[in-house]
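**Q** Note that the numbering used here has the sequence shown beginning at -6, numbered continuously upward.
Here it is, the structure, as structure tokens.
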Amino acid sequence: MSGIPSHANMNRSIAVRLAGTIAREGLFLLLAMVYILPVWWVVASALRPASSLYQYASPLTWRTFVPSSPTLSNIMGIFSKLDFGRAIANSALVSGAAVALGVVVNSMAGFALAKFEFPGRSLVFLAVLVAFIAPFDAIVIPLHLVVSRMGFLNTRAALVLPAVGNGLAIFLFKQFYEEIPSEIIEAARVDGASWFCTFWRIVMPMSIPAAATVVVMLFMFQWNSLFWPLVAAFSSKYRVVQTAIAMQITADEAHWAYLFASAAVGSLPPVALFLLLQKHYIRGIAGGGSRSETAGRDGVDR
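What follows is the structure, given as structure tokens:
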């Protein structure tokens, strides 16, 4: 029958789809390798003895990426000789404080910009966007003067407070809260809930995906910060992970084995946090669809 595809045409169509799938998956695998190989190189180098760090660098073989005699001496060395444990503890404390304060402050600012009508709201939001777009290098000098005048220079407060307010976090929260129907908020207000109670008990539970996205983002920003800790908290007592890694290279020498080991160990906390929150993080990036899903699960938005 003319309307039914022949067996040969069906086989040809299946072969074309199969070839397309293989080509697409091969391209994704190639792109993944581009990102994974440098990270794998760092981890493999961290596990090599310092004497054979570049022994198999050229030509490229499987020994280039797999240590033939793996050792933990480099990792143990950064903790015993370089006090890397203190740097990790400082980074964890500073990043945790910045994330906790940042989620509260930025979510409240995003809620105000999304749901409150007040004169100059557009200008305030424009200022938030400018703060988000402006490079940090452009504000580091006035920020340093402000922190110095407040008496926070060379303290942990100097590392935490400038990282609390974040224009991108406010933008993400604002976009998320704009998708929440105003009827839900008005119903809570009619029932006698204060604005803070409405925000904390009604709005925040619905914004877990956005909050998880901001948690990961702020933690990454703070954990990977290098320039500001160098100029604001230069005492070894407040040394954080990135400054400890950078100090492996000086004008006189470079301890590459410790550099690879500290970079590999220092990458573990952000990776662990991302794996823990990746489900909510992806929902937060997806936007409004995740909000309705969360609201529906909580029985609020039907």
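Here a beta-carbon is modelled for each residue, glycine too, at the ideal position from N, C-alpha and C.
If you check the beta carbons only, do Pro202 and His273 fall under 8 Å apart?
**A** Yes, these two residues count as a Cβ contact at 8 Å.
**Q** Using DSSP's beta-bridge definition, name the partner residues of Ala247.
**A** Answer is Ile242, bridged to Ala247.
**Q** CB Val225 to CB Leu146, shorter than 8 Å?
**A** A small correction: the amino acid at residue 225 is Ala; Val does not occupy that position in the sequence shown. In this structure, Leu146 lies closer than 8 Å to Ala225 by Cβ.
**Q** Does DSSP put Lys272 in a helix, a strand or coil?
**A** Correct three-state label for Lys272: helix.
**Q** Among the residues of its own chain, which have a CB less than 7 Å from the CB of Pro63, if the five just before and after it don't count?
**A** Correct list, in chain order: Leu40.
**Q** According to DSSP, is Pro135 part of a helix, a strand, or is it coil?
**A** Helix.
**Q** Name the two residues that bound the continuous alpha helix (DSSP H) containing Arg41.
**A** Counting along the chain, Arg41 falls outside any alpha helix (DSSP H), and DSSP gives it neither H nor E.
**Q** Flag this pair as touching only if the region 121 to 138 and the region 176 to 196 have three or more C-beta atom pairs under 8 Å; answer yes or no.
**A** Contact fails: fewer than three Cβ-Cβ distances are below 8 Å.
**Q** For Val293, which three-state DSSP category applies?
**A** Note that Val293 scores 36 on pLDDT, short of 50, meaning its location in the model is unreliable; the coordinates nonetheless yield the value given after this. In the structure shown, Val293 sits in coil (DSSP, three-state: anything other than H, G, I, E or B).
**Q** Looking at C-alpha atoms only, which residue of Leu30, Lys74, Ala151, Ala93 is the closest neighbour of Phe58?
**A** Phe58 has its Cα closest to that of Leu30, out of Leu30, Lys74, Ala151, Ala93.
**Q** Rank Leu152, Thr54, Thr206 by C-alpha distance to the C-alpha of Phe164 and give the top, closest one.
**A** Nearest C-alpha to Phe164: Thr206.
**Q** May I ask whether a heavy atom of the ligand NAP can be found less than 7 Å away from the beta carbon of Pro60?
**A** Questions concerning the ligand NAP fall outside what the structure shown contains, since it holds no ligand whatsoever.
**Q** If we ignore side chains and look at the alpha-carbon of each, how far apart do Leu75 and Asn67 end up?
**A** Looking at the two C-alpha atoms, the distance is approximately 11 Å.
**Q** Below 8 Å between beta carbons: does that hold for Val97 and Phe212?
**A** No, they are not a contact pair.
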